[in-house]
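Data first, discussion second: the structure below is written as structure tokens.
There are 2 protein chains.
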Amino acid sequence: MTISSIDIVFFMLGIAILLFVAKLFAEIAKKLGIVAVFGEILAGIVLGPTVLGFFFPFINDVLFPSEGARKMLLDIIANISIVLFLLVAGIEADLNSVKRQGKVVFTVAISSLVVPFVVIFFLATIMPEVFGGPGDLKNTIFALFIATALSISALPVIAKILMDLNYYRSDLGAVIIAAAILIDIIGWLLFAFTLGLIGKNESSYIPLYYVIALTLLFAFFMLTFFRKLMHKTLPYIQAHFTWPDSMITFALSIAFISAAFTQWLGIHALFGAFMAGLAIGDTYHFKEKARTTIEQFVNAFFSPLFFGSIGLYINFITNFNTILFLTYFLIGTILKLIGSFIGSKMGKLSNKEGIAVGFAMNARGAMEIIIALVALRYNVINEEIFVALVTFAIVSSLLSAPIMKKILSIKMPTKFYDFLDSNAFIYTLENIDKFTLIEKISEIIAKHNNLDSEIVKSAVIAREEVMPTGLEHGVAIPHARIEGLKKPIIAVAICPRGINFQAPDGNPSFFVFLILTSSKDNLKQLEIIADISKTFRKTDYISEKNFPVNYTEFLALIKSGSK
Amino acid sequence: MTISSIDIVFFMLGIAILLFVAKLFAEIAKKLGIVAVFGEILAGIVLGPTVLGFFFPFINDVLFPSEGARKMLLDIIANISIVLFLLVAGIEADLNSVKRQGKVVFTVAISSLVVPFVVIFFLATIMPEVFGGPGDLKNTIFALFIATALSISALPVIAKILMDLNYYRSDLGAVIIAAAILIDIIGWLLFAFTLGLIGKNESSYIPLYYVIALTLLFAFFMLTFFRKLMHKTLPYIQAHFTWPDSMITFALSIAFISAAFTQWLGIHALFGAFMAGLAIGDTYHFKEKARTTIEQFVNAFFSPLFFGSIGLYINFITNFNTILFLTYFLIGTILKLIGSFIGSKMGKLSNKEGIAVGFAMNARGAMEIIIALVALRYNVINEEIFVALVTFAIVSSLLSAPIMKKILSIKMPTKFYDFLDSNAFIYTLENIDKFTLIEKISEIIAKHNNLDSEIVKSAVIAREEVMPTGLEHGVAIPHARIEGLKKPIIAVAICPRGINFQAPDGNPSFFVFLILTSSKDNLKQLEIIADISKTFRKTDYISEKNFPVNYTEFLALIKSGSK
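Protein chains in written order, with our numbering: chain A, 1 to 563; chain B, 1001 to 1563.
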């Protein structure tokens, strides 16, 4: 098989389309409050045999054929992507946090993993047909695998959910994250053993007890000696070589060597990459800049390509088995909740917290999908089981956040940009005073929201006359409460020449936010003002060379938080 | 051909080793004042048939075989790498700077490119044997190619040289950069035409005039409409999608689509990627964070893999032809100098500046290597010509900096860390006064530099008593001049508890630098103090959670300039 120029053309076109659609869907998913990885997988389903291949088999065959050179090219990229994705997952897991949180982490992690694992392994051994297992000699491997797949938790998704809920830094959040890290490590180890067994059954050149011994030795080595070695080596690299390039290159080399080793052992490259990430990411010498560069590039390139490619070769409709999915979903969820609850009580958490921990741990996310994919490649499971596992991973991840929010009565922080009216935007270079500006903004905001501009104007000016609303950092926040308003409305005026709102630091105001809230709701107004003030304190927007000239540019500036 | 697990093992091991060695050699090259790309290429030569393959053919065959699955895997990575490398090259080229500098840029660029191009094309047509050309019907393509290869300049290398010389922001530096951008664009266009001609000769499905028309149209479209479209689209993406991930994904999708298009046209993917980079990078909306993430990851991963892979398949010793190299070197350099000089004089630069411009433009760097590689793949040149061109590219790049430094009498800025004595480092948690500390440091610095500690101590204390040497930002710089000292010596003391050096901001000093300079050299002392003060003004090192406890950690902190 050789790669022709036209293969490269369609390979690059395929990558471009997959990247674009995967990221687009991921963004839409996020806006709907769904985990991003779901959008990436859906992109592959849409571009694969399930949708595009069904309606336009010709296009699908050209872009994402299921065999030949182009398929192989995409496979390689997926292989590299998974190594880098697991490297990042390892880097993000902070081993020290496990130690810091103490005993409760161990009881939660072990019970949350062991209860479902043991029960499912037992069930899948005595009645394999319920889980779709083969029931033959290979059934032990299948039972081991399905028990692992249904017991694991997905650290990245859990971390993301806690961040979204603004709960990451709380005490309970720290316990959940630390336990998820521990589950991750043990889960991968379990999965590595299962793969070792498969290798033994297939074409292995290394005896099984050797694989198990080497895996344990490798994990131990990476988490002790090698971790300490990194702690000493990284500052040396940083001191004597180009920063941060060399540090990144070094981390990537380590990841690939480690991945090559575990692939050679027969327990898949991803285990090595994850261990390398744990060892490297654990020292504070692996600093922010190198860390974010790797994470951002992997999130922007390798992760959408990897998760996007999953749906490219499998028909998710014809392979969807409702009974199987419901079996996995119910058994997996119930056992996870029970296991987590027992662990939480042993760690002296409250009942409410115990249930919340259970739903957090129930998020299977990317981890279950990855191990299911590997199992599919190794022929341990068929496509039906794969699709059921992927669906379970997504559904369980989707349920986590809303249920946790409800149980823990979490209130989301107010963000002022959620109330911006995109039509009420003014950019003015005129040399006017603050009252004229307030009049202008009032008219626009009133027009687009069916309000009486006279009422708005006079209320805002009355408030302004009581006390000027200029804040520090070039911001002013004229505001008023309007009767009958359903939700807050904010209009923005950008005045590059500066308007005097008598700010306490004596500076003119360049960013003017006119804030209208309901006369009944006092709290929202304070929260909005606090958020605006915090936003402009954190970043120096005044020294921007280019003031935003339209609403989109303004939002872009605020969202990026930097030049 | 299928990819086995063992292929993946050795592919990943190969990548890891190539990455590591390439970056290591690049860093060593930098320390020797040589362009980094030379180190990366040398790594490939060492790991390829020239060295490793010669002494240990078995290892070379396993890691980097010249055919089969593993070879193909590396080829794909190299293909993707080149697309991303050219994307970055395009992003880094600031089109607006060409406009800003005015006429002189055009005269320099055009004369610097056209003079060597026309002369060499003429020479290679009438006497192909001098250039190693085939002399048959294909000779026109060869002449076009060799004329392009020997006339091009390498923007990234030139930019790097000017930065190293601290000359990037000067007037002449801006002219040189802008001219190099213009040469780059025209050079790629010329090369694209040559490739179009080859395609015509080989297996093209598109007629030549069509290729030329489409290439021009594509370049025009990308630099006008598409550039404007990006200017409007990027803020929208930034405003409504996750930042900076989405921006990076979007830029990469554009690059691959554009690359696929030019590959389809038969003028190679790299041209499309470069044009995409130009169009995206040109708006100020493609902001710093997205830009640096792409650049850093490409520099850390794709660039060493690409340049490293060049030497893996070619024997650079058996294919080295001294006569051919000297021909290219002399003809290329002389014509480039003449062309640049004429253009500089037309743009009213001085004689000295004209010669400096010539040596700057003579740096061929990565660009010539890339087009030579493509030409080798397309069988336009043989391995001897390829090796001669690569050698010329490296030698010409090496010559640029020292000659420019000489001609323009450039003085390099003093960096205090160049004079640090790695043995004279103290970390102390003791609660001592400044005189005791000075005594301690004096003893250490004296011991390691064969000085009399009494002389050092009394000189520093005498100076300290005249006026305290505490600076702002937690730094103190006790210093003295010592007779007979050959070059400045600096010792560092880290005192996390803080020592009172009577700093003007009232803060204690945590970083104490004891500076000894020759009694004859007053200037150096001032420069060192200025550099220390600037370093600590720029970054807030005092709020570091972890003070450095040894010399390596200290250097790491200073070099990284951030957490």
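Quick reminder that beta carbons are idealized off the backbone N, C-alpha and C, glycines included. Being a predicted model, the structure only gives us computed values, none of them experimental.
Are residue i and residue j close, meaning C-beta to C-beta below 8 Å?
| i | j | result |
| --- | --- | --- |
| F510(A) | P496(A) | yes |
| L1165(B) | I1177(B) | no |
| K1103(B) | G1347(B) | yes |
| L123(A) | V130(A) | yes |
| T333(A) | N362(A) | yes |
| G266(A) | G196(A) | yes |
| L335(A) | I120(A) | yes |
| V1108(B) | G1343(B) | yes |
| L1330(B) | A1149(B) | no |
| K487(A) | F419(A) | yes |
| A7(A) | A89(A) | A small correction: the amino acid at residue 7(A) is Asp; Ala does not occupy that position in the sequence shown. In this structure, A89(A) does not lie closer than 8 Å to D7(A) by Cβ. |
| N1315(B) | P1049(B) | yes |
| T249(A) | P1156(B) | no |
| A366(A) | A154(A) | yes |
| S995(B) | I1183(B) | Because chain B is modelled from 1001 through 1563, residue 995(B) falls outside the range shown and cannot be assessed. |
| A1251(B) | K559(A) | no |
Is the Cβ of residue i closer than 8 Å to any Cβ of chain B?
| i | result |
| --- | --- |
| M127(A) | no |
| N79(A) | yes |
| F20(A) | yes |
| T552(A) | yes |
| I41(A) | no |
| K99(A) | no |
Between the Cα of residue i and the Cα atoms of the options, which residue gives the shortest distance?
| i | options | result |
| --- | --- | --- |
| I1441(B) | M1467(B), H1479(B), K1405(B) and P1468(B) | H1479(B) |
| I1141(B) | I1186(B), F1191(B), E1092(B) and I1206(B) | F1191(B) |
| G1498(B) | F1435(B), N1431(B), I1455(B) and V1466(B) | N1431(B) |
| G44(A) | F307(A), I490(A) and I494(A) | F307(A) |
| A1491(B) | F1416(B), L1429(B) and M1467(B) | F1416(B) |
| I1181(B) | S1518(B), F1145(B), I1110(B) and T1249(B) | I1110(B) |
| R364(A) | I152(A), V21(A), P128(A) and Y541(A) | I152(A) |
| I1438(B) | L1429(B), V1456(B) and A1093(B) | V1456(B) |
| T535(A) | N500(A), A424(A) and T414(A) | T414(A) |
| L278(A) | K289(A), M230(A) and A239(A) | M230(A) |
| A1446(B) | D1433(B), A1424(B), Q1101(B) and M1467(B) | A1424(B) |
| G1281(B) | R1227(B), I1041(B) and F1241(B) | R1227(B) |
| F554(A) | T1292(B), L1234(B) and D1061(B) | L1234(B) |
| S253(A) | S1004(B), L1526(B), L1013(B) and T1552(B) | L1013(B) |
| F1145(B) | E1368(B), E1384(B), K1289(B) and A1503(B) | E1368(B) |
Looking at chain A, is there any beta carbon in it that lies within less than 8 Å of the beta carbon of residue i?
| i | result |
| --- | --- |
| S1112(B) | no |
| P1496(B) | no |
| Q1502(B) | no |
| I1161(B) | no |
| A1366(B) | no |
| F1256(B) | yes |
| V1374(B) | no |
Leaving out the 5 sequence neighbours to the left and right, which residues in its chain are closer than 6 Å to residue i when beta-carbon positions are compared?
| i | result |
| --- | --- |
| K71(A) | P65 |
| V1387(B) | F1316, N1319 and F1320 |
| E40(A) | A22, A26, P304, F307 and G308 |
| I77(A) | L305 |
With a CB to CB cut of under 7 Å and the five nearest residues on each side skipped, what residues in its chain are close to residue i?
| i | result |
| --- | --- |
| I1461(B) | F1435 and I1438 |
| I1370(B) | I1082 and L1270 |
| G1358(B) | K1336, L1337, S1340 and F1341 |
| K1524(B) | T1414, P1488 and T1517 |
Going along the chain, which residues of its own chain have a beta-carbon closer than 8 Å to the beta-carbon of residue i, five neighbours each way excluded?
| i | result |
| --- | --- |
| I482(A) | L451, I455, V456, A459, L516, T517, S518 and S519 |
| L1565(B) | Residue coverage of chain B in this structure runs from 1001 to 1563, which leaves residue 1565(B) outside it and unanswerable. |
### Task
Would you list, in chain order, the members of the stretch 239-253 of chain A that have their beta-carbon closer than 9 Å to a beta-carbon of chain B?
Flagged, chain order: A239, H240, F241, T242, W243, P244, D245, S246, M247, I248, T249, F250, A251, L252 and S253.
### Task
Compile a chain-ordered list of the residues in the stretch 164-198 of chain A whose CB is closer than 9 Å to at least one CB of chain B.
Answer set for the stretch 164-198 of chain A: empty.
### Query
When you check each C-beta in the stretch 282-312 of chain A against every C-beta of chain B, which residues fall closer than 8 Å?
Result list: Y284, H285, K287, E288, K289, T292, T293, I294, Q296, F297, N299, A300, F301 and P304.
### Query
Looking at chain B, which residues of the stretch 58-74 of chain A have a Cβ within less than 7 Å of any of its Cβ atoms?
Residues passing the 7 Å Cβ filter: M72 and L73.
### Contacting positions in the stretch 1259-1284 of chain B - beta carbon closer than 7 Å to chain A
The stretch 1259-1284 of chain B vs chain A, Cβ under 7 Å: A1259, A1260, Q1263, W1264, A1269 and Y1284.
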